[in-house]
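Enquirer:
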Amino acid sequence: MFHPHNDRSRFTLFVLLAFFGALLIGCSPNDSDDASGAVDLDAKPGQQSDDPRRDIPNDVSLVDGSSDRASGRGPTFDLDDPTAPQNPELLGEPGRLIASQVVEARSDGTLHRIWYESSGTHDEAIMVSGLVAVPAGDGPEGGFPTISYAHEATGIGDDCAPSRINSLDSTGQRQWGVIKTPTVVVATDYEGLGTDGVHHLLLGVTEARSVLDATKAAMQLPDVEVSNRTIVWGEVQGGHAALFAGQLAETWAPELNVVGVVADSAATELPLLSVAAEAGAALDYLTMAAIGYADAYDLDLNDVATDATWSAFDEMTYGCTDDIRDAISGLSYTQLARKPISELTGWNDALVENNPGSVKFESPLLIAHGDENGLVPSVASDALATRLCGLGQVLEYRLFDKGGAMLNGEPAQEIGAWIDARFAGEAMPSEPSTSRSDAVKYEVCG
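Heads up: the sequence shown runs through residues 633 to 1078, numbered per this note's numbering.
1) Hey, quick one: how far does the beta strand (DSSP E) through K812 stretch, first residue to last?
2) Taking the CB atoms as reference points, tell me whether A921 and F876 lie closer together than 8 Å.
3) Using 10 angstroms around the beta-carbon of A670, count the other beta-carbons present and answer buried if the total reaches 16, otherwise exposed.
4) Looking at C-alpha atoms only, which residue of G951, L743 and G724 is the closest neighbour of L825?
5) Can L998 and S1013 be called in contact, C-beta distance under 8 Å?
6) Between the stretch 816-824 and the stretch 892-907, can you find at least three pairs of beta-carbon atoms closer than 8 Å?
7) State buried or exposed for D674, treating a residue as buried only when at least 16 other CB atoms are found within 10 Å of its CB.
8) Looking at the unbroken beta strand (DSSP E) that takes in I746, where does it start and where does it end?
9) What residue ranges within the stretch 856-917 form continuous beta strand (DSSP E) runs of no fewer than 3 residues, ordered along the chain?
10) Can you name the start and end residues of the alpha helix (DSSP H) that P794 belongs to?
11) What does the Cβ neighbour count give for A1059, buried or exposed, with the cut at 16 atoms within 10 Å?
12) Give the DSSP-derived three-state secondary structure of N662 in the structure shown.
13) Thinking C-beta only, is L835 closer than 8 Å to T953?
14) Per the contact definition of three or more C-beta pairs closer than 8 Å, is the stretch 732-741 in contact with the stretch 770-783?
15) Distance, Cα to Cα, D958 vs D790?
16) Do you know how far the Cα of F993 is from the Cα of P1061?
17) Beta-carbon within less than 6 Å of P661's beta-carbon, same chain only, minus the 5 sequence neighbours each way: which residues are those?
18) Taking the straight line between their C-alpha atoms, what separation do you get for A846 and V766?
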């Protein structure tokens, strides 16, 4: 998995233990919108309180989830949200826009909440929610290109869906602040996050479908002209999603012209997740992933979950990352797991299958990494870049000694410049140019 002659790979396992344990720190919005009114009608902008962890709105009722221990499945997730389409007819047309709702309108842009069709983990027709931020003013001829944004991990409960924030500052302005090209920002919630069903954390295919189908849906928004040119930009879990979106784009969304993929501090090297957990790291992360993997692969949670784990599952049903950490606080791996996942073929195979970077794809790729992020160690991105370079992937890898995941400052400006260059049709560089980058490690291949 790692290049045998890379000195840094000798320390890979040690650093990855820290990686998985810290992966979700700082990624725990537990926000809710309080937009009211039916879909397809103008809605009041979501009101944002001083507390970033807003209460669930009074007109949204949550149906309590419960675990089915006898079947070996985790919690069920059901959300009764009157602002969403009620029992929509699903036609089996991934990317079809089901409904949209304006949730914020300002002088600098408009934010839409959308619901659209996608295809779930079991290839069934599902509804997914998300956001679309449209800048003010007229777009270029042919329509605005899009940033298909894939968010970092927020939890597995519906209240953790980013679309519940309904903020043009977090979806729109954040990306426009580093990109000169006028773009529409499309941000999926992913399958089962904000809508019925289980959120499958780090399940590559369903993440990719949610990302790509959201962009197709945005092209159908009334009174918004959107082109088929897009760049997928993801961070941490979203970086994982972006890599799989790059892999699947040609077959799943051939109508899209994916001119680039950005993987910022992507969650990779998943087979080592269980090893990290056995060393005491990543317990919250592994518990969340286990729920989704059990559902997706028909695996039995009883093979790994103890009594303490089953007790935590119900508490996690609507929990975001902080809540999940609280639910298992003080518990060791041996208290949460009956045996190492690495010893269970089905579970380990699922991790291997969902590790990104196993095939090259046509779109040029930027792997960006801030070495101070505290979330993902640089050796994970090192390994990803080495593996994809060996497969002939056209990519740039930039490692920064400042900034973190969700890069900001100068590193974010470099990502924005890279995105602008792809939209402008510039060729990828054939060799690194240190005059163009503050990266402490800059590699080009393909």
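Where a beta carbon is used, it is the ideal one built from N, C-alpha and C, also for glycine. Being a predicted model, the structure only gives us computed values, none of them experimental.
Expert: Considering the structure as presented:
1) Counting from 1 along the sequence shown, the entry for residue 812 is found at position 180. That residue, K812, is in no beta strand (DSSP E); it is neither H nor E in DSSP.
2) On the sequence shown, residue 921 is found 289 positions in, with the first residue counted as 1. On the sequence shown, residue 876 is found 244 positions in, with the first residue counted as 1. Cβ atoms of A921 and F876: not closer than 8 Å.
3) Taking the first residue of the sequence shown as 1, we reach residue 670 at position 38. Only weak support exists for where A670 lies, its pLDDT of 27 falling under 50; the value from the coordinates is given anyway. Exposed, by the Cβ-count rule.
4) Sequence index remark: in the sequence shown, residue 825 carries index 193 (1-based). Ranking the options by Cα distance to L825, first place goes to G951.
5) Numbered from 1 along the sequence shown, position 366 holds the residue referred to as residue 998. Numbered from 1 along the sequence shown, position 381 holds the residue referred to as residue 1013. Not closer than 8 Å, so no.
6) Between the stretch 892-907 and the stretch 816-824, the count of Cβ pairs shorter than 8 Å is below three; the stretches do not touch.
7) Position 42 of the sequence shown, counted from the first residue, corresponds to residue 674. Summary for D674: the model assigns pLDDT 29, below 50, so the residue's position carries little reliability; its value from the coordinates is reported in the next sentence. The residue in question, D674, is exposed, as its Cβ has fewer than 16 Cβ neighbours within 10 Å.
8) Position 114 of the sequence shown holds residue 746. G741 to S751 is the extent of the beta strand (DSSP E) around I746.
9) 858-867 and 889-896
10) The count along the sequence shown starts at 1 and reaches residue 794 at position 162. No alpha helix (DSSP H) holds P794; DSSP gives it neither H nor E.
11) The sequence position of residue 1059 within the sequence shown is 427, counting from 1. By the neighbour-count rule (16 or more Cβ atoms within 10 Å), A1059 is not buried but exposed.
12) By 1-based counting over the sequence shown, the position of residue 662 is 30. Annotation note: pLDDT 36 at N662 (below 50); position unreliable, coordinate value reported separately. Reduced to three states, the DSSP call for N662 is coil.
13) Start at 1 with the first residue of the sequence shown, and residue 953 comes out as number 321. Start at 1 with the first residue of the sequence shown, and residue 835 comes out as number 203. No, they are not a contact pair.
14) No: fewer than three Cβ pairs fall under 8 Å.
15) For the purposes of this step, residue 958 is taken as residue 326 along the sequence shown, with counting starting at 1. For the purposes of this step, residue 790 is taken as residue 158 along the sequence shown, with counting starting at 1. About 18 Å.
16) Against the sequence shown, residue 1061 aligns to sequence position 429. Against the sequence shown, residue 993 aligns to sequence position 361. Roughly 17 Å between the two C-alpha positions.
17) By one-based count along the sequence shown, residue 661 stands at place 29. With a pLDDT of 35 at P661, under the threshold of 50, the modelled position of that residue is not reliable, and the figure given next carries that caveat. Only T786 meet the Cβ criterion.
18) Locating residue 846 in the sequence shown gives position 214, counting from the first residue. Locating residue 766 in the sequence shown gives position 134, counting from the first residue. C-alpha separation (whole angstroms): 14 Å.
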